[in-house]
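Chemist:
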Amino acid sequence: MIMIVCFMATPATQEIVETSASGLDFVDVGYVYSVHGLQGEISVKPSTDFPELRFTTPGTRWLRQQVLGRETIREVKLIDGREHPGQKSWILTFEGIDTVEQARPLVGSTLLAREGDRPELEDGEFYTRDLVGMRVVMKETGELVGTVVNVFNSGANDLLHVMCYSSVNVIEGSEEASSSASDASGRLVWIPFVEEIVPIVDMNGREMQITPPKGLLELNLRTDERSKKERRQLEWKERKKFQKRLIAAKKKLREMEQQHVFHGFRFGEKYQTSLLANHIVGINSKLLQQALQNIEIPSKRWNATELMNATKAELMISSLKISGEGSLGPCARAKKVVTNSSLQKKGNHLVSEGKKAMVLVVHNSEEGNECDPHSVVSESTANKSLALLQTLLSDDQRFVKIENRASMPLVLVLPALEMQMLEKLFLDNDHFAFDSKKVWFLEEEKLPIVSRSPTEQNKFKILMKSPWETLQAPVGSGGVFSLLSSHNIIKNLDELGVEYIQICTANPRNAIGNSMFLGFVKSCGADIGFQISEYAKHSEERFNTMLSMNVMKKLTNHINKLEFYATPKLNSHVEKVDKEFIDVIPAAPNSYELRSSIYSCLNACSLDKVCVMEITE
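Residue numbers (the UniProt record's numbering): 1 to 617.
1. Name the residue from 362, 490, 549 whose alpha carbon lies nearest to the alpha carbon of residue 474.
2. What residue from 489, 472, 269 has the CA that sits closest to residue 446's CA?
3. When you compare only the Cα positions, how much space is there between residue 307 and residue 605?
4. I'd like to know whether the C-beta atoms of residue 596 and residue 564 end up nearer to each other than 8 Å.
5. Quick one: is residue 58 buried, meaning 16 or more other Cβ sit within 10 Å of its Cβ, or exposed?
6. Within 10 angstroms of its Cβ, does residue 487 collect 16 or more other Cβ (buried), or is it exposed?
7. Assuming the contact rule is C-beta atoms closer than 8 Å, residue 528 and residue 551 should be a hit. Round their C-beta distance to whole Å, please.
8. Which one of 484, 215, 283, 252 has the shortest CA to CA distance from residue 357?
9. Mark residue 609 as exposed unless 16 or more other C-beta atoms lie within 10 angstroms of its C-beta, in which case mark it buried.
10. Does residue 355 pass the burial test, meaning 16 or more other C-beta atoms within 10 Å, or should it be called exposed?
11. From residue 136 to residue 279, what does the alpha carbon distance come to, in whole angstroms?
12. In chain order, what are the residue ranges of uninterrupted beta strand (DSSP E) at least 3 long that sit wholly in the segment 39 to 103?
13. From this set, 569, 134, 548, which residue's C-alpha is nearest residue 497's C-alpha?
14. For residue 344, name the three-state secondary structure that DSSP assigns.
15. Return yes when the Cβ of residue 480 is within less than 8 Å of the Cβ of residue 503, no when it is not.
16. Could you tell me which of 214, 452, 556, 612 sits nearest to residue 591, measuring between CA atoms?
17. As an exercise, report each continuous alpha helix (DSSP H) stretch of at least 4 residues that is fully enclosed by the segment 210 to 261, in chain order.
18. Hey, how far is the Cα of residue 265 from the Cα of residue 236?
19. Which residue comes first and which comes last in the beta strand (DSSP E) that contains residue 465?
20. Please list, in chain order, all residues of the same chain as residue 104 whose beta carbon is under 7 Å from its beta carbon, the five residues on each side excluded.
21. Taking the C-alpha atoms as reference points, what is the distance between residue 419 and residue 205?
22. Taking Cβ to Cβ, would you say residue 147 is nearer than 8 Å to residue 162?
23. Under DSSP, the alpha helix (DSSP H) around residue 357 begins and ends at which residues?
24. Around the C-beta of residue 82, are 16 or more other C-beta atoms found within 10 angstroms, so that it is buried, or is it exposed?
25. Helix or strand or just coil, what does DSSP make of residue 351?
26. Which full runs of the beta strand (DSSP E) of 3+ residues lie inside the segment 508 to 547, going along the chain?
27. Quick test of the definition: if touching needs 3 or more C-beta pairs under 8 Å, does the segment 395 to 405 touch the segment 431 to 444?
28. In the DSSP assignment, what residue or residues form a beta bridge with residue 200?
29. So which of 76, 71, 84, 49 has the shortest CA-CA distance to residue 125?
30. Following the continuous alpha helix (DSSP H) through residue 619, name the residue where it begins and the one where it ends.
31. Unbroken alpha helix (DSSP H) runs of length 4 or more, entirely within the segment 438 to 507: which are they?
32. With H, G and I counted as helix, E and B as strand and the rest as coil, what does DSSP make of residue 566?
33. For residue 147, write down the residues that DSSP places opposite it in a beta bridge.
34. Tell me the rounded alpha-carbon separation between residue 437 and residue 411.
35. Can you tell me the Cα-Cα spacing of residue 160 and residue 256, whole angstroms?
36. Using 10 angstroms around the beta-carbon of residue 94, count the other beta-carbons present and answer buried if the total reaches 16, otherwise exposed.
As structure tokens, then:
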């Protein structure tokens, strides 16, 4: 039984009425995915063929929600609705929903209309949802082709996406056709939904008959599936390309006197030697060389404390102190007197013009806990961090506003285990209103863990987890710059007209969507800006920084500007002794993990081009 909740709001009271849902048929018309603005408006992704009718005509609608484990249907009154340009969504206003607090519980609901209220169609017109699931058969022979699994609008006409059955003779060459759904081959074909090809649609019998031109179905399959010869040729080219990369990587490691890494090639099965080859190709030897040189020649390390000391000494172009609510503090100091509202306005304008990109670093730790760079990322931990990220992305107040997301490029940096889950999260949520062509997913930068020997100074050996795996650890926040460089992201952003790049930790406690920070950096004429809060002062992995495109180009073209430091760690590993590999279990720190901080970007810029915004509690 479904519970119907009628919501009737008055200035003084609010009445909830339960009634039975029996006898009522509803149709899904949209999904509430976000709160819009501060007046209680909501953003809806349409799932209807008639969005103007469903979202602009005032009257009764229903919201389907889960309440205390039960499915409820809540009656609401639509007051007004308008299309959200560029977002493929609609902004709706409901009676009695006037604040963010009232609107937020509606997020995640399905918007419904009565089945009987659907507009009458003319002859030859069909509802998309009614076509899905219909059988597709050949008109001349009655042979079963497959089942409609989706319908797409290609502009000129609709396209049916049909999952074929393996026994269809026009496709597989068999003599009999099977009507069993269990024989589905999983192969998909496109069939234009036009009268010449689909002359008969039997809605009552849930069947459509087709007369496809000769070769149409076979052509579809060939585009989805290469021939064996083509696959072999492609695989051969990929193997040759990989072999060239492996040869170059091995040459570089020999120059660094790391030949012991190759011992595993003489032992083990084919899959194990392939694993070793992948590890070798994946080593960023240029970054590793630089990190090892930094260990030999220590340099000054920048961090939040050092930056705040430089602020007090007035070495930077400007600093600004604001409260957590965003109001100017009593000790605000800047070369130009500006108000927080003007900074906010300037920042909003830059974002709306597509002048800012964001790099969001996703840590594998729970909110508020220090990220251990050497921890093993479990699936449950990954789910927790992605849940925190989803909370942030769904927050229209603390994150980037929905209306600005389509114009802002987004780069996400995360552990390998979370990559697939995050990509699915974005697909399931329509990329959270970002333009999918401007979203990149990058695996966090890692470097091999090296030996720490008191007897062999300046001699560092890559440690092996097994004969076929190197021990690795994340580089840290400074690794973002090498990632952006190696994937040509900066070049792409420059071509898009981006002028500022915000690099920050993905955490709901950070108000990273506040455009005042960008407006402040722009007003100061700074190349680098840091936003520092009490939450961020105690960890180099909690950060929010803004960099101009000029300084980003300098950093990515001259990675040697980054500084690395070595963290002593205790790591078990394997070593080859004579002709055998033995396990080494140390009793004291025996290795270095090579780390770089986001603050090392200060080496690429003089302090008089740096500004700081301090957030007080």
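Where a beta carbon is used, it is the ideal one built from N, C-alpha and C, also for glycine.
Modeler: With the given structure in hand:
1. Looking up residue 474 in the sequence shown gives position 474. The shortest Cα separation from residue 474 among 362, 490, 549 belongs to 362.
2. On the sequence shown, residue 446 is found 446 positions in, with the first residue counted as 1. Minimum Cα distance to residue 446 is reached at 472.
3. Here residue 307 corresponds to residue number 307 of the sequence shown, with the count starting at 1. Here residue 605 corresponds to residue number 605 of the sequence shown, with the count starting at 1. One C-alpha to the other measures close to 13 Å.
4. Here residue 596 refers to the residue found at position 596 of the sequence shown. Here residue 564 refers to the residue found at position 564 of the sequence shown. Yes, Cβ-Cβ distance for residue 596 and residue 564 is below 8 Å.
5. Taking the sequence shown and counting its residues from 1, the one referred to as residue 58 is at position 58. So residue 58 ends up on the exposed side.
6. Locating residue 487 in the sequence shown gives position 487, where the first residue counts as 1. That one is exposed.
7. For the purposes of this step, residue 528 is taken as residue 528 along the sequence shown, with counting starting at 1. For the purposes of this step, residue 551 is taken as residue 551 along the sequence shown, with counting starting at 1. Correct: roughly 6 Å between the Cβ atoms.
8. Counting from 1 along the sequence shown, the entry for residue 357 is found at position 357. The candidate whose alpha carbon is nearest that of residue 357 is 484.
9. Position 609 of the sequence shown holds residue 609. It is buried - the Cβ of residue 609 has at least 16 other Cβ atoms within 10 Å.
10. If you number the sequence shown from 1, residue 355 lands on position 355. It counts as buried.
11. Counting from 1 along the sequence shown, the entry for residue 136 is found at position 136. Counting from 1 along the sequence shown, the entry for residue 279 is found at position 279. Approximately 48 Å between the Cα atoms of the pair.
12. 41 to 46, 59 to 67, 70 to 84, 89 to 94
13. Here residue 497 corresponds to residue number 497 of the sequence shown, with the count starting at 1. Nearest C-alpha to residue 497: 548.
14. For the purposes of this step, residue 344 is taken as residue 344 along the sequence shown, with counting starting at 1. Note: residue 344 maps to helix in three-state DSSP.
15. Residue mapping note: residue 503 aligns to position 503 of the sequence shown, counting from 1. Residue mapping note: residue 480 aligns to position 480 of the sequence shown, counting from 1. Yes, the Cβ-Cβ distance between residue 503 and residue 480 is below 8 Å.
16. The residue given as residue 591 occupies position 591 in the sequence shown. Minimum Cα distance to residue 591 is reached at 452.
17. You should have 216 to 224, 228 to 255.
18. Translated into the one-based positions of the sequence shown, residue 265 becomes position 265. Translated into the one-based positions of the sequence shown, residue 236 becomes position 236. Distance between the alpha carbons of residue 265 and residue 236: 21 Å.
19. Walking along the sequence shown from the start, residue 465 turns up at place 465. Counting along the chain, the beta strand (DSSP E) containing residue 465 begins and ends at 464 to 466.
20. Position 104 of the sequence shown holds residue 104. Same-chain partners within the cutoff: 35.
21. To locate residue 419, count along the sequence shown from 1; it is residue 419. To locate residue 205, count along the sequence shown from 1; it is residue 205. Taking the straight line from one Cα to the other gives about 44 Å.
22. One-based indexing of the sequence shown puts residue 147 at position 147. One-based indexing of the sequence shown puts residue 162 at position 162. Yes, Cβ-Cβ distance for residue 147 and residue 162 is below 8 Å.
23. For the purposes of this step, residue 357 is taken as the residue at position 357 of the sequence shown. Segment 356 to 361 is the beta strand (DSSP E) holding residue 357; no alpha helix (DSSP H) there.
24. Position 82 of the sequence shown holds residue 82. It is exposed - the Cβ of residue 82 has fewer than 16 other Cβ atoms within 10 Å.
25. The residue you call residue 351 lines up with position 351 of the sequence shown. The answer is helix: DSSP assigns residue 351 an H, G or I state.
26. 528 to 533
27. Yes, the segment 395 to 405 is in contact with the segment 431 to 444.
28. Here the question's residue 200 lines up with position 200 in the sequence shown. Its beta-bridge partners are 209.
29. To locate residue 125, count along the sequence shown from 1; it is residue 125. Comparing Cα positions, the closest option is 49.
30. Here the chain has residues from 1 to 617 only, and residue 619 is not among them.
31. Taking only runs of at least 4 residues, the alpha helix (DSSP H) segments lying wholly in the segment 438 to 507 are 479 to 486, 489 to 495.
32. Sequence index remark: in the sequence shown, residue 566 carries index 566 (1-based). Three-state DSSP puts residue 566 in a strand.
33. In the sequence shown, counting from the first residue as 1, residue 147 sits at position 147. According to DSSP, which records beta bridges pairwise, residue 147 is partnered with 135, 163.
34. Numbered from 1 along the sequence shown, position 437 holds the residue referred to as residue 437. Numbered from 1 along the sequence shown, position 411 holds the residue referred to as residue 411. Rounded to whole angstroms, residue 437 to residue 411 spans 11 Å at the Cα level.
35. Sequence index remark: in the sequence shown, residue 160 carries index 160 (1-based). Sequence index remark: in the sequence shown, residue 256 carries index 256 (1-based). C-alpha separation (whole angstroms): 57 Å.
36. Taking the first residue of the sequence shown as position 1, residue 94 is located at position 94. Classification for residue 94: buried.
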